[in-house]
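K.L.:
Position one of the sequence shown corresponds to residue 542 (the numbering used here), numbered consecutively onward.
We treat Cβ as the ideally placed atom computed from N, Cα and C, and that holds for glycine.
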Amino acid sequence: MNETNVPQESEYASGGFGRTPDGKSRPLSPKERAQAERSAAIRGETVSTATNRLRGTGR
542 MNETNVPQES EYASGGFGRT PDGKSRPLSP KERAQAERSA AIRGETVSTA
592 TNRLRGTGR
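#1: Do A577 and T587 have their C-beta atoms closer together than 7 Å?
#2: Looking at the secondary structure, which residues open and close the alpha helix (DSSP H) in which P571 lies?
#3: To the nearest angstrom, how far is it from the Cα of S580 to the Cα of P568?
#4: Please report the straight-line C-alpha distance between P582 and L595, rounded to a whole angstrom.
#5: DSSP state of T592, grouped into three classes?
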């Protein structure tokens, strides 16, 4: 079985990686924004930092 972690087209399209299919950053959903804001408040970091960490982008 060939288990590679290559995202499928649909996964990009659905924004699972915080990106739209053309590679631009996807706007946060209200749920993600709330999660990022809460995380940022707890850790004392900026919301954008929290967003990147939660999404796994910005590496």
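P.N.:
A quick look at the data gives this:
#1: As a first step, residue 577 must be located in the sequence shown, where it is residue number 36. As a first step, residue 587 must be located in the sequence shown, where it is residue number 46. In this structure, T587 does not lie closer than 7 Å to A577 by Cβ.
#2: Here the question's residue 571 lines up with position 30 in the sequence shown. Element bounds for P571: 571-584.
#3: Residue mapping note: residue 580 aligns to position 39 of the sequence shown, counting from 1. Residue mapping note: residue 568 aligns to position 27 of the sequence shown, counting from 1. Computed Cα separation, rounded: 18 Å.
#4: Here residue 582 refers to the residue found at position 41 when the sequence shown is read from its first residue. Here residue 595 refers to the residue found at position 54 when the sequence shown is read from its first residue. According to the sequence shown, residue 582 is Ala rather than Pro. C-alpha separation (whole angstroms): 14 Å.
#5: Numbered from 1 along the sequence shown, position 51 holds the residue referred to as residue 592. In the structure shown, T592 sits in a helix (DSSP, three-state: H, G or I).
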